[in-house]
Amino acid sequence: METAEEKQTDVTGELCSRCGPEAAETPQISVENCFELLTKAKREGAAGDRNRDRILRYMSDHYLQVLRNPALFGRLTAGERELILALRMGGGKVLAVAETSEVLERGGSRDRVRSQSPQPEASQRRVFYLH
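Set out below in structure tokens:
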């Protein structure tokens with residue numbers, strides 16, 4: 001009979017085998033280790049390009065943390081800094097819509113005004129969109 005610990009090992013092994021050998025060999029990226037991982041990926045040349053791109057994407061996604069760490073940001077080349085920023089600025093298109101209406105001046109008590117508050121006219125309604 002299998003113990004809970006053996007089952008855990010089997011599940012972990014199964015998940016790693018599905019991810020492929022690269023997933024088992026690639027350590028988790030963090031702000032503390034991303035420069036070392038980037039250096040290692042650059043040393044590997046073409047074989048490390050996939051990891052290099054992953055690490056640069058991580059740095060882009062965590063740009064403020066990278067920027068706050070002078071030991072990390074200061075060691076990056078100018079090209080790497082520009083690439084990280086370009087990845088940060090790139091992205092998908094977004095459509096934003098906001099609807100506003102004019103606030104009517106009201107006098108008197110709030111309870112009385114709430115019960116008698118008129119609906120805004122169509123001319124007072126504004127819709128803004130940014131594409």
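If you use the UniProt record's numbering, the sequence shown closes out at 131, no skipped numbers anywhere.
Think of the CB as a built atom: it goes at the ideal place given N, C-alpha and C, for glycine as much as any other residue.
Quick caveat, the model's predicted, so the values are computed rather than measured.
Cβ-Cβ separation between Val97 and Val127: approximately 7 Å, consistent with a contact (criterion under 8 Å). With 16 or more other Cβ atoms inside 10 Å of its own Cβ, Tyr58 counts as buried. About 6 Å separates the beta carbons of Ile55 and Ala41, which is inside the 8 Å limit, making them a contact pair. Comparing alpha-carbon positions, the option among Gly45, Ile84, Ala47, Phe35 lying closest to Arg75 turns out to be Phe35. When DSSP states are grouped into helix, strand and coil, Glu99 belongs to the strand group. The Cβ atoms of Ser101 and Arg68 do not sit closer than 8 Å to each other.
Spanning the alpha carbons of Ala78 and Glu99 requires a straight line of approximately 43 Å.
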